[in-house]
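Step one of this worksheet: look at the structure below.
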Amino acid sequence: MGLLTIGAFARASRLSPKALRLYDELGLLPPARVDPHSGYRLYDPAQLERARLVAWLRRLGMPLADIRSVCELGPEAAAREVRAYWARVEADTAARRDLAAFLADQLSGRDTTMSSDHPTLGIRYAVLSDTGSVRESNDDAGYAGPRLLAVADGFGGGRHAGEAAIEALKPLDAGVPGGELLSALEEAAHRARESVSALAASDPALRDVGTTLTAMVWSGSRLGLVHIGDSRAYLLRDAELFQITHDHTVVQSLLDEGRITPEEAASHPQRALLLRAVGGGSAFEPDFALRDARAGDRYLLCSDGLTGVVPAGEIRRVLASEDDPGTAVRQLVALANGAGGPDNVTCVVAHVAERRTLTSA
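Following my numbering, the numbering of the sequence shown begins with 19 at its first residue and continues without gaps.
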């Protein structure tokens, strides 16, 4: 079969002539030959396979720059890239789904029935931060109050960045109406970013300062969550432990994309490299979520000084067995230090219970 005109190639590949001209200009799918007299583009039938791949990838919504990279790879490597791309799409879709559900509830009027003071539920809480066994100073910061729980793991300037970020969130401890939780958290997160940016600008020695930030705000029976970095939040419900945040690290992205195994992640040389943070030159893209609390729920916010050395099973055991949040945070910190304490460790534990059963923590 000879060369095909652009019209014939468009019909065979199910790409429009306009798309083919664009892909030619971008170097993604250049024609086999351009007639020197007429300027007509002519395509080799052997190019149909690549053209159809481009068409399918465009249907997935893959950006043209990524499509170009996929088309240059061998079959196995190209398949890995497609799986990795779709993993990113699904993660983004999940975050958007949660936000859509919240907006739908709010617009339908469900949220107007929720007051900021729930008549039956409350929380008991405790916080503990420790330098660990190796570090000379503590770059972590933690906070626990009647409505605000927060952990921040600073870098590039001691604990100043973590403290600045949490300080920006503290007004939320005065209370936020349930219908305004996400908006209030978003505003507070931006205040935290501004505070860390101001800190970085105040001293050349602090120009690379930054912090992770994981915080929850209690309003009635609803909890609002803001998260960026690799500190974590966990929920113990019905004796099962769930990680309710997603690490924003290079290693986690490699795991999500199937490029490495969990065993490889544990010893990966870039396991501490953040993709998102408050300051420090990282992308500022916090995750926001809402959760409905139940009596009996137990929440843990912690820095990676705990999760880096203490297995999830041990964390679950402590949260499930200790009825006092203060005892729980002390045991968790002790476990981290008993495992070598290579990093600062900060833990915040909160128990949700009927108000009539609450006592001071």
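Note that CB positions come from ideal geometry on N, CA and C, so glycine has one too.
- The alpha carbon of G323 has as its nearest neighbour, out of F302, L66, A357, A219, the alpha carbon of A357.
- Judged by DSSP in its simplified three-state form, V327 adopts coil rather than helix or strand.
- Per DSSP, reduced to three states, the secondary structure at R177 is coil, with no helix or strand assignment.
- The Cβ-Cβ distance between V296 and G228 falls below 8 Å.
- Every unbroken stretch of the alpha helix (DSSP H) spanning 4 or more residues and falling wholly within the segment 56-118 is given here in chain order: 66-78, 82-89.
- In the three-state reduction of the DSSP assignment, L337 falls in the helix class, which pools H, G and I.
- If you draw a straight line from the Cα of L318 to the Cα of G331, it is about 14 Å long.
- D226 places its beta carbon less than 8 Å from that of G299.
- In the DSSP assignment, A233 falls within the beta strand (DSSP E) that extends over 231-237.
- Shown here, R312 sits in coil according to DSSP, grouped into three states, outside any helix or strand.
- Distance check between G359 and each of R32, S155, E99 places S155 closest, using alpha-carbon atoms only.
- Assignment of I246 by DSSP, reduced to helix, strand and coil, places it in the strand class.
- With 16 or more other CB atoms across the displayed protein chains lying within 10 angstroms of its CB, G140 is buried.
- With respect to the C-alpha of G160, the residue from E212, R77, A368 having the closest C-alpha is A368.
- In this model, V336 and A216 are separated by some 39 Å (Cα to Cα).
- Each of A346, R294, S339, R68 was checked against the Cα of D265, and the nearest Cα belongs to R294.
- Per DSSP, S271 has no beta-bridge partner at all.
- Selection L254, A301, A183, G174 evaluated against P343 yields L254 as nearest (Cα-Cα).
- In this structure, the beta-carbon distance from E275 to A313 does not fall below 8 Å.
- A direct Cα-to-Cα measurement between L203 and V214 gives close to 16 Å.
- For I24, the three-state secondary structure derived from DSSP is helix.
- Measuring C-alpha to C-alpha distances from Q65 to each of R334, G20, H178, A179 identifies G20 as the nearest.
- According to DSSP, residue pairing for T364 in a beta bridge involves S147.
- The beta-carbon separation of A183 and A170, rounded to 5 Å, stays under the 8 Å limit for a contact.
- Apart from the 5 residues on each side of it in sequence, L190 sits with its Cβ closer than 7 Å to the Cβ of R165, L166, A202, A206, V235 in its chain, given in chain order.
- D148 is the residue among D148, P222, D256 whose C-alpha sits nearest the C-alpha of R177.
- Out of A251, L199, G57, H245, the CA that lies nearest to the CA of I333 is found in A251.
- With a 10 Å radius around the Cβ and a threshold of 16 neighbouring Cβ atoms, P287 comes out exposed.
- Under the three-state reduction of DSSP, Q288 is assigned to coil, being neither helix nor strand.
- Here the alpha carbon of A102 sits roughly 17 Å from the alpha carbon of E282.
- Taking a C-beta distance under 8 Å as the contact criterion, G238 and L308 do not qualify as a contact pair.
- In terms of Cβ geometry, L291 and V268 form a close pair [threshold 8 Å].
- Shown here, A283 sits in a helix according to DSSP, grouped into three states.
- Sorting E99, P93, A219 by C-alpha distance to the C-alpha of P81 places E99 at the top.
- Here G172 has D157, A179, G180, T229 as same chain residues with Cβ atoms under 6 Å from its own Cβ, once five neighbours each way along the sequence are excluded.
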